[in-house]
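Protein chains in written order, with the working numbering: chain A, 1 to 493; chain B, 1 to 133; chain C, 1 to 457.
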Amino acid sequence: MRNTRATQPLFELSKPGRRAMRMPAADVPDVPLAELLPESALAATPPELPELAEPDVVRHFTNLSTQNMSVDTHFYPLGSCTMKHNPKRNERLASLPGLLDLHPYQPQETLQGMLALLFELQELLGEIAGLPAVSLQPAAGAHGELASLLIAAAYFRDVDGKRTKVLAPDSAHGTNPASAAVAGFEPVTVKSTPQGFVDLVDLGAKLDNRAAVFMITNPNTLGMYDPNIKRIAEMVHAAGGLIYLDGANMNAILGISRPGDFGADMMHFNCHKTFSGPHGSGGPGAGPIAVSARLAPYLPTPLVERAGGGFRLGYDRPRSIGRVRSFFGNVGILVRAYCYIRTHGPDGLRRVSEHAVLNANYLLSRVKHIFPVPQGDRCMHEFVASAARLKTDKDISAMDIAKRLLDYGFHAPTVYFPPIVREALMIEPTETESKETLDAFAETLFRVTEEPADLLHEAPHTTPVSRPDEVRAARQPVMVWPRESSPDDGAGG
Amino acid sequence: MKPEQLLFAKTHEWVHVAPDASGAKIATVGISAFALEALTDLVYIELPKVGREVKAGEPFGEIESVKAVSDLYSPVDGAVVAVHDALANELESLAADPYENGWIVKIKLSDETALADLLDYPAYQKQCAEEEH
Amino acid sequence: MPFLLNTPDDVRAMLEAIGVGSLDELFAMVPRELRLARELAIPPALTELELTSHLEALARQNVSAKEKACFLGGGSYDHFVPAVVDAIAGRGEFYTSYTPYQAEASQGNLQAFFEYQTLIARLTGMDVANASLYDGATAAAEAVLMSMSATGRRRHVVAAASVHPEYRQTLAAYLKNLGTELTTLATPDGILAPQQLATAVRDDTACVLVQHPNFFGCLENVEKLVHVAHDKGAMFVVVVDPISLGLLKRPGDYDADIVVAEGQSLGNPMSFGGPYLGIMACRERMVRRMPGRIAGQTVDRRGRRCWVLTLQTREQHIRREKATSNICTNQGLLALRALVYLAAAGPQGLREVAELCLRKAHYARTRLAAAGRRLALRFDRPAFKEFVVRSSDASVDDLLAEALDAGFFAGIPLSQWYPELDDCFLVAVTEKRSRAEIDGLATALNRIPRQVTAAHA
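In C-alpha cells, the structure reads:
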C-alpha cells in the first residue's frame, strides 16, 4: 500500500558516510594517479552525489513508484498514446542474456540470432505497412518523422531540388510541423473540415510545385478514418509530392487497411504504442519507418540484409541519408515488438484492432449523451468528446473532469488535444480493457458531471498532491535541487 | 490611457502615437486586455533589444503562459527606441494595467502607412466579440 | 488471444449497445477498396511457451558479452549494473506509466526526473539538465542545433574528427537540409590541436563539438579549446563519458556551454546499441532553448512541495513548428536507471568505478604494448578507459578473429571510419575486466601465428 509519509528527495536522505555500491580493490599494480593523468585534468573534489545505503535507495524509489498511475495498476485511456497492456513475457524474453548482453560492435558472426530477428521484424513491419523497405533505426515516432523527411529531402534533391514545403493538417500531432522545421522544411498547415477530415479545397490550394510532403495521420487524431484518403494521395502524387503517414494510430487498422495500399509513400510505427513496448514514464520508444521502393535507397544505414545462409548489416548504400542516431536502433524495444507480433500472428493482430475499435465505439456509445462527440456516432480506436457544453452550463472544464477522474482511480484521457475541438477529451481505451472497466469508467464520467463544480475545481482530492502551481513553476523555474551551502546558487532556486 | 484613445492591430496589440521632444513620431505598443485574458497567467516575455528594426505584421517578441505562446507582432514600421524590461519580472502588472504600465516597446516610426490598417476601439471590440464564438 | 478480455457475450452486448450487427460493420468508415482482402502474410501466432523456445533459440545463435571477455567500447560499455537498478526499473508503476501529463498521478516519475536532472547537473557542473534525449549521438546533434539558435549563427559548425564517427554522421544528416556547413577537423595526433581549431573557427561559427575523453580514449586539451571557441563567440559543446566524471574535471569547471553524453554506462545494458540515454545539460540562460522534457519544482494548492513538467511552451505539442525540437517520447526509463545507478554509487562509488577503469586500462595499455613487437599504442597520450592499438605485422581482422577464438571481444577495427587507421583497433577496459583477462588478451594477441597473417601482408 502507498506510504502516506512524504517521500523525501534523495538529497535530504543523504548522510555522509553511507554508501550502496562498493567496488573491489584494483587487481592491477598500484600506480599513483598522478602518473596516469595530468593534474590539470582531474576534478578537485569528488562528484556531488548523495550518499545513501541500499535500503535508502530501495525504499525511496519504491515509494516513489507508488505515486504513479500506470497500465499495470490503472485504466489509462490517454488518447493518442495507446496505453495497452505490456505483456510480461516480452520483458523476460528481451532480457535473455543472449539478446541483452550484446555489444553493438561485436563481430557479425556472433550476432546471427539477433540479426535474424531484426531482419524478420523488417519483413513483418513491411507487410503490415504494405510498403517494401523498412529501417528500424529511429528511436521514436517523432524521430521516424524526422528520418523520413530527411529521406524526402534527399529524394527531391535528386529529382528536382525545389520542394521546400511540408504540409500537415491543423489536427496533426505537434511533432509533424516540428519535425518539418527540424528537417529544414517550411511547415504549412492545411485546414480540416468540421468533421475533422482534410479540407480538400485547402489542400488543393496549397499543393504547388514546392510541396514536398503531406503528413497525414490516418486514422486521424479525432479517431476517424479519412474517407478521402485515396483521393488525397492521388492529389498529392499528381502534384509531385509524397504522402507521409504518421502511424501513431496504427492500432486501429492492423491487418485491416495498409498505409501502402491507401497511398502512403513513407510511414513510422510507434512500437511502444501499437506493439506494446512499455511506455517507461516517457520512453524509450522505437519508431521504425517503412517506405516505398523508390525511397528505399535513401533509408538510414545500416539495414539488415541476407548474406549467404545468414545475415549481415548492410553499409554499402551510397544514396542513404546516413544515420540519425548511433548504433542500430532501440533494439530492446524492437525485440518486444517482435515478440508481440509473433504472439498474435495475422488473425491475432486483426483482432487487436477489431477489439480496440469495438472498445472505443462501445465507450463512445455510453458517453455521447453527456459528452457530445462532434465527429459523430462512430470512431476507430479512439474518439474526442467535448466538454464545451458542460463548461458553458456548469463551469466544468475538460481539465476539471480529468482531475476528478484521478480521484476515482482512473487515469485521465488526453485533454485539450486536438486543438480543433473545444474542451477536448481524447479517449483511447485500447483492446486490453474489459467491458466491465469501460462501464465503470462511463458511469464515473456521468457521476462526475453531477458533482458540484466547486468540488471539481479543487480536484483531485485523494492523490498524493493536489493541483500543482504551474505558473510558479514556469515563472521561477526550479529545475535542480538547490545546494544546501548556497541556497541561492541553484538554478533559479 | 483609456482604450478609446488607442488603435488596435487585428493581432491584439495596441498602439498610441505621439511626437517626442524632437517631433519624431513615437508609437507606444502593448497588448490588449482581451488578449491578456485569453492568455491567462503569464509566465514569460521575450523582449527585443533597443535599436531593432521592425516591420508591421512581423514578430518582435513572444509572450508565454503556462500552456500557450503568442508572438508579439509589430503594428507599425520603425525602430525600437525603448523597451519595458522591467515587465519580465512583473508580468502581473501587464494584466493589471495593460494600457499604461503594461506598455512593452516604443517604436520610432519610419513610415506611417501601416497605421491606416489599425482598428479603433469599437471596431476592435467587434472583432473580439466575433472571436469568442 | 492472451491480452483480450471481451467474451463472445460481451461482444454481442457491446455491438448491440453501439447499434451495429457485426465487428466488420464497425469499420464501415474504411472504404471497401482500402481494406485488406486477405490475411497479413506473417507467421501464425505462438503461445508463450513456443515464443520462449523460439527466442531462446535465437539468443543461442548469438555470442554474448557474458561468454567472452568484452574489451569493446566506442560509446557502449560493459560496465557493472547493480541489482538495485533492475529491481527498481522493473516496477510496473515506472515502466508501464507514460509522460507525466497529469502531475497529480505522476509524482513518482516527476520527482525522479527532477532528481535525475539534479544529479546530471551536479555531475557535469552545469546549471540545468533535461529529463533525457534519445542517445548520445542525437543529444550531440540537438546540442549543435541549440547552439545555432542561441547564437543566431546558422551557417557553420566545427567538429573534431576525434568525436565518435557515428555522432558526426548523425550530425551531418541533421544538418544536411539546413544548409549548415560542417567542418570536420582531422586529429592525426589523436586529439584536436588548439592552433588548428583557431584557424577553423569563424565569426559565424555557432559551436565547436569536441568529445572528452575522445573516441580514441584520449583526453582533449579542453581548457584551451574552450578559449579558442569563445574568442570567436562560438559555443563549446562537449561530449563526455559520465563515468569519467568520477575523476575528471567537470565540464562546468572548464566553461563548456552545453554538455551531452551517452548515458548507457550509468546502469543500462548494452542491448545491441539501444535503447540508450541521451544526456544534456547547459547553462541556465539557455534553458529556454533546450529540447526535451524538464521537471520543475513547485507547490500544490495546499502548499506542499511537488513537481510538474515545466517550460512546456518550448515543446512541439504547444509551439509546433517553432518548438526547440521535435522530440516527444524520451528515454524516461533509462534516465530512471541512470538515477538509481548514481544514487547507489554515490561520490565514492562513482570514483571507484572511474579509478578502476583508468587503472585497468592503463595496465592493459602497458601489457598489450609490451608483450611483443607487433603491437604498439597508436597515440601515446593520457587516456581514460580506452586506447588505440596499432598492429605492425598482422591484419586487424585476423588479430581480432584469433582473439575471438581465444575467448575475447578484443577491440573495434577503426578502418570503417578512419581509413588511415586501417592497422588499428580500439580497446576499452571497464571495471569488470580482471587482470587475468587482460593478461590473457595480451597473450592471445601475441600468440597468433605469422603464417595466418602473411596471406594478408
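Just so you know, even glycine gets a beta-carbon here, dropped at the ideal spot from N, CA and C.
Where the alpha helix (DSSP H) through residue i begins and ends
i        : result
A:Ile229 : Ile229 to Ala238
A:Pro468 : Here A:Pro468 belongs to no alpha helix (DSSP H), and DSSP marks it neither H nor E.
A:Val357 : Val331 to Val367
A:His495 : Coverage of chain A is limited to positions 1 through 493, which leaves residue 495 of chain A absent and any answer about it impossible.
A:Lys88  : Lys88 to Ala94
A:Pro132 : From DSSP, A:Pro132 is part of no alpha helix (DSSP H); its letter is neither H nor E.
C:Tyr167 : Pro165 to Leu175
Contact set for residue i: own chain, Cβ-Cβ below 7 Å, skip 5 residues either direction
i        : result
C:Ile120 : Ala129, Ile279 and Ala281
A:Gly332 : Ala94
C:Ile318 : Gln312
C:Pro194 : Asn221, Lys224, Leu225 and Val228
Distance, residue j Cα to residue i Cα
i        : j        : result
A:Pro477 : C:Thr310 : 7 Å
B:Pro75  : B:Gln5   : 16 Å
A:Pro132 : A:Ala116 : 18 Å
A:Phe61  : A:Leu33  : 35 Å
A:Arg19  : C:Gly246 : 15 Å
A:Met479 : B:Glu64  : 18 Å
A:Pro413 : A:Ala211 : 35 Å
A:Met426 : A:Ser80  : 8 Å
A:Ala387 : B:Arg52  : 44 Å
C:Met415 : C:Asp397 : Note on identity: in this sequence residue 415 of chain C is Ser, with Met being the wrong assignment. If you take the alpha carbons of C:Ser415 and C:Asp397, they lie about 10 Å apart.
A:Glu35  : C:Leu219 : 14 Å
A:Thr189 : A:Pro418 : 14 Å
C:Arg283 : C:Thr324 : 16 Å
A:Glu433 : A:Asn218 : 23 Å
Three-state secondary structure assigned by DSSP to residue i
i        : result
C:Lys224 : helix
A:Asn220 : coil
A:Gly141 : helix
B:Pro122 : helix
A:His268 : strand
C:Phe215 : coil
C:Met235 : strand
B:Asp71  : strand
B:Ala18  : strand
A:Asp439 : helix
C:Ala401 : helix
C:Ile120 : helix
Neighbourhood of residue i by C-beta distance below 8 Å, restricted to the same chain and skipping five residues each side
i        : result
A:Phe328 : Pro104, Leu118, Leu136, Gln137, Pro302 and Leu313
Residue interval of the beta strand (DSSP E) (run including residue i)
i        : result
C:Arg460 : In the structure as shown, chain C starts at 1 and stops at 457, and residue 460 of chain C therefore has no counterpart that could be examined.
C:His79  : Looking at the DSSP string, C:His79 is not in any beta strand (DSSP E), and its letter there is neither H nor E.
A:Leu303 : Leu303 to Ala307
C:Cys282 : Gly278 to Cys282
C:Cys424 : Cys424 to Ala428
C:His156 : His156 to Ala160
C:Gln341 : This sequence places Tyr at residue 341 of chain C; Gln is not what is there. Unbroken run through C:Tyr341 is the alpha helix (DSSP H), Gly332 to Ala370; no beta strand (DSSP E).
Residues of its chain near residue i, where Cβ-Cβ distance is below 6 Å and the 5 sequence neighbours each way are ignored
i        : result
C:Thr183 : Val158 and Ala200
B:Ala152 : This structure leaves residue 152 of chain B out entirely; chain B is present only between 1 and 133.
C:Val222 : His212 and Tyr254
C:Arg390 : Ala376, Arg378, Asp423 and Cys424
C:Ala150 : Met286 and Arg289
B:Tyr124 : Phe8
Taking any Cβ of chain C, which residues in the stretch 178 to 194 of chain A have a Cβ under 8 Å from it, in chain order? Ala178, Ser179, Ala180, Ala181, Val182, Ala183, Gly184, Phe185 and Pro187
Where the stretch 22 to 50 of chain B meets chain A: residues whose CB sits under 9 Å from a CB there: Thr40, Asp41, Leu42, Val43 and Tyr44
The stretch 81 to 108 of chain B: positions lying closer than 7 Å to chain C by Cβ: none
Name, going along the chain, the residues of the stretch 51 to 66 of chain B whose beta-carbon falls closer than 9 Å to a beta-carbon of chain C. Glu62, Glu64, Ser65 and Val66
So if I threshold CB-CB distances at 8 Å, which residues from the stretch 288 to 318 of chain C count as touching chain F? This model lacks chain F altogether, as its protein chains are A, B and C.
At a CB distance below 7 Å, what residues from the stretch 104 to 136 of chain A approach chain C? Give them in sequence order. Pro104, Tyr105, Gln106, Pro107, Thr110, Leu111, Gln112, Gly113, Met114, Ala116, Leu117, Leu124, Glu127 and Ile128
Can you pull out the residues from the stretch 42 to 56 of chain A whose beta carbon lies closer than 7 Å to at least one beta carbon of chain C? Leu42, Ala43, Pro46, Pro47, Glu48, Leu49, Pro50, Glu51, Leu52 and Glu54
At a Cβ cut of 7 Å, what residues of the stretch 332 to 354 of chain C count as close to chain A, listed as they run along the chain? Gly332, Leu333, Leu334, Leu336, Val340, Leu342, Ala343, Ala344, Ala345, Gly346, Pro347, Gln348, Gly349, Leu350, Arg351, Glu352 and Val353
Taking a Cβ distance cut-off of 9 Å, strictly less, list which residues of the stretch 11 to 45 of chain A are near chain B, in chain order. none
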